[in-house]
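The sequence shown: position 88 = 87 (numbering that gives the first Met the number 0), numbered continuously.
Data first, discussion second: the structure below is written as structure tokens.
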Amino acid sequence: MTVIARFAPTPERAAQLRALLEGMVAPTRSEPGCLLYNLFTSRGDDPEFVLIERYEDTPALEAHRASAHYKNYRAQLPEMLAKPIEVTVLAPVDVLD
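Structure (structure tokens):
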């Protein structure tokens, strides 16, 4: 199971959002069932952040979303975003590992 999450920060909160997202990397990568958790940013005047996540299965994704670090980060997000998070959950069709 793959998740792509896109974050558009307000200009004055971009650095704060980046720090918050960077703080999610280590604890999420250490979760059982997390296969990949990578953070990217776009270039340009209005950067956005993109998380590409991979989990063994739906229960692993649900466990991630139930974790304390996930709940803490989600509580802080609304004031940092210019628009709602865009989240896409993908099921594999033809994947090369």
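Using N, Cα and C, we set each Cβ at its ideal position, and we do this for glycine too.
Buried versus exposed, by CB contacts within 10 Å (16 or more), residue 57: For this step, residue 57 is matched to residue 58 along the sequence shown. Classification for residue 57: exposed.
Quick check on residue 92: does DSSP put it in helix, strand or coil? Looking up residue 92 in the sequence shown gives position 93. Residue 92: coil per DSSP, three-state reduction.
Using a Cβ-Cβ cut-off of 7 Å (strictly less than) and excluding sequence neighbours within five positions of residue 55, which residues of its own chain qualify? Here residue 55 is taken as the residue at index 56 of the sequence shown, counted from 1. Once the five neighbours on either side are set aside, the close Cβ partners of residue 55 are 32, 34.
Just grab the DSSP bridge partners of residue 84 for me. To locate residue 84, count along the sequence shown from 1; it is residue 85. Answer is none; residue 84 lacks a bridge partner.
Which residues mark the beginning and the end of the alpha helix (DSSP H) in which residue 4 is found? Taking the sequence shown and counting its residues from 1, one reaches residue 4 at position 5. Not the alpha helix (DSSP H): residue 4 falls in the beta strand (DSSP E), residues 1 to 6.
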